[in-house]
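Notes follow the structure.
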Amino acid sequence: MRGISLRKTLQLGDKLWLEDPSAVSKARLSKIFSASQQTNRYDIFLSHTWHTHGAWKFLCLLLHFGWPIVFLFWAFGVVLAYMLVLLDILPLTTTWEAVAVDFQSTVPYGCWVMVIASTAAVLGLLASPYFPLKSDMCFLDFVCVNQTDDKKMKEGIRAIGAFLAASSELRVLWSAPYLDRLWCLFELAAYRKLNPQGRIVMLPVTGEITVLLMHIWVQVASAAFWIARTGPRGGDPVRVVVAVSCSFLVVFPTLAHAAWQKHSASEALQQRLAQFDLTTVQCANDFDKNCIHEAIITWYGSLQAFTDHIRGPFRLEVIRLLRAEGTIPIHWISLLLIPILNLSFEGLLALWKASAPSVSFLTYFMAQVIGVIVLWLPSVGLFGVYASVHGVRYGHWRLRPFMLEFFLVFCLCAVLFIAGMSFSAA
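Final position of the sequence shown in the working numbering is 437; the numbers increase by one with none missing.
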């Protein structure tokens, strides 16, 4: 058996994930195979379809496994920005009408925390594959099965059951075309058969991409809010509403489209599994199909028994696994809060530079950073996700169409967000 470090697959980046296996030269395939090494076990078996663009899968894995380094780099960026401003190396270029407990004044104000910390976070994401992590030996078909020798490739295909049995975890890079591929379905069903105690993790590719789009929206909204509250008329309600509304109109269509795709994929998943037909599932070639059919008959008794298993117990387990991943992971919350934390830390830095009383500094920190950002915003986010998944209902009736429902949930979350900000400033 051969494996490759997950970090190494991310280090290879476009040289691996953006390649089309059917269009790569034998010399290139040989070089890719040489990146793997001998192993007797796998920490992760990566199950995916090459019909989903490799860029999205690469970005999904990068965000999923690299977020601790992103947060570490971001924290370093905040500290660096504070040091450079407090030492008067970087100037504060505008003003802010600060209102805090026992302190009200127009104070110098800057954007260095937002610029430096955000840049550091991006650098952290790019550097994350080069930082040591826990054991991450993984199986990736393109790398761990010799693609240049037909005999060895067929041996590798026949040994897929042994690879699955030797894997501690099956990590499914979930996307819409996944269920159309016989190999993908086979890997998912066979893993539970061969490795009953193994862990199955569904990692929806669209989930990480949606978080990235949300992060961009929050960055834009934070920058707009920063512009609206600077200068002699900073904090004017009209300026704030116009700035935030403009950022909403620019990015909301993209976010809504991502939500619609996720909703459509979830609906199609349940229907496709309930009506599963083994004869319509696609496979690259007859050899692969025959190998899979032989294994299915060995493990399930017949192709029809496998079909019944997919439509019944397997369908319920897949839906359960996807719903288990439906809550907001901690790294999603961290990525979404970074731009808002940057904005609040700009205010704290301005108060510090203006020599505001310690009680003013402390109450601003507790109200804005702890109260609103750490506690209130994640709660609003969890509510939004729950409402989007379970729908706006009255009894058994659910609001339709989905886009109207999504728009209402989004607006309600925006109102709750503004209410939290207003109470914290009161």
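Backbone N, C-alpha and C define an ideal beta-carbon position, used for all residues, glycine too.
{"query": "Buried versus exposed call for Val-380 [16 or more other C-beta atoms within 10 Å across all chains shown]", "result": "buried"}
{"query": "Local conformation of Phe-287 per DSSP, three classes", "result": "coil"}
{"query": "Counted within 10 angstroms of its Cβ, other Cβ atoms place Met-377 as buried (16 or more) or exposed", "result": "exposed"}
{"query": "Range covered by the beta strand (DSSP E) that runs through Glu-30", "result": "Note, Glu-30: premise wrong, no beta strand (DSSP E); not H, not E."}
{"query": "Contact under 8 Å by Cβ, Ile-15 with Cys-149", "result": "yes"}
{"query": "Cut-off 7 Å between Cβ atoms - residues of its own chain near Arg-13, not counting five sequence neighbours on either side", "result": "Ser-47, Gln-48, Gln-49, Thr-50 and Cys-155"}
{"query": "Residues near Ile-168 in its chain [Cβ-Cβ closer than 8 Å; skip 5 each side]", "result": "Val-156, Phe-298, Asp-299 and Cys-302"}
{"query": "The region 56 to 71 in contact with the region 209 to 224 per 3-pair CB rule at 8 Å", "result": "yes"}
{"query": "C-alpha gap between Leu-314 and Ser-178, whole angstroms", "result": "25 Å"}
{"query": "Buried/exposed call for Tyr-53, threshold 16 Cβ in 10 Å", "result": "buried"}
{"query": "Beta-carbon spacing of Thr-20, Thr-241 below 8 Å", "result": "no"}
{"query": "Any non-hydrogen atom of the ligand FAD within 7 Å of Phe-114 CB", "result": "Inclusion of the ligand FAD in the displayed structure is not the case, the ligand content being empty and no account of it being possible."}
{"query": "From Trp-78, Glu-108 and Ile-349, residue whose alpha carbon lies closest to that of Ala-365", "result": "Glu-108"}
{"query": "Between the CA atoms of Ser-233 and Val-253 - distance to the nearest angstrom", "result": "13 Å"}
{"query": "Leu-103 (DSSP reduced to helix, strand or coil)", "result": "coil"}
{"query": "Beta-carbon proximity check, Leu-205 vs Gly-172, cutoff 8 Å", "result": "yes"}
{"query": "Which residues DSSP lists as bridging Ile-211, in chain order", "result": "Leu-181"}
{"query": "Local Cβ density within 10 Å of Phe-142, reported as buried at 16 or more and exposed below that", "result": "exposed"}
{"query": "Leu-216 - DSSP class collapsed to helix/strand/coil", "result": "The sequence shown places Val at residue 216, rather than the Leu named in the question. In the structure shown, Val-216 sits in a helix (DSSP, three-state: H, G or I)."}
{"query": "Which listed residue (Leu-184, Ser-58, Met-125 and Arg-18) has its alpha carbon closest to that of Leu-358", "result": "According to the sequence displayed, residue 358 carries Gly and not Leu. Selected option, being the one with the closest Cα: Met-125."}
{"query": "C-beta contact flag for Trp-28 and Gly-77 at 8 Å", "result": "no"}
{"query": "Closest residue to Trp-343 among Ala-111, Leu-184, Val-96 and His-75 (Cα-Cα distance)", "result": "His-75"}
{"query": "Where Glu-305 falls, given that 16 or more other Cβ within 10 Å makes a residue buried", "result": "exposed"}
{"query": "Burial state of Pro-350 (16 or more Cβ within 10 Å)", "result": "buried"}
{"query": "Cut-off 6 Å between Cβ atoms - residues of its own chain near Ala-367, not counting five sequence neighbours on either side", "result": "Phe-114"}
{"query": "From Cys-122, Gly-382 and His-62, residue whose alpha carbon lies closest to that of Val-89", "result": "Cys-122"}
{"query": "From Ala-425, Val-112 and Leu-360, residue whose alpha carbon lies closest to that of Tyr-120", "result": "Leu-360"}
{"query": "Exposed unless 16 or more other CB atoms sit within 10 angstroms - verdict on Arg-192", "result": "buried"}
{"query": "Identified DSSP bridge partners for Val-110", "result": "Gln-115"}
{"query": "Residues near Leu-190 in its chain [Cβ-Cβ closer than 6 Å; skip 5 each side]", "result": "Arg-283"}
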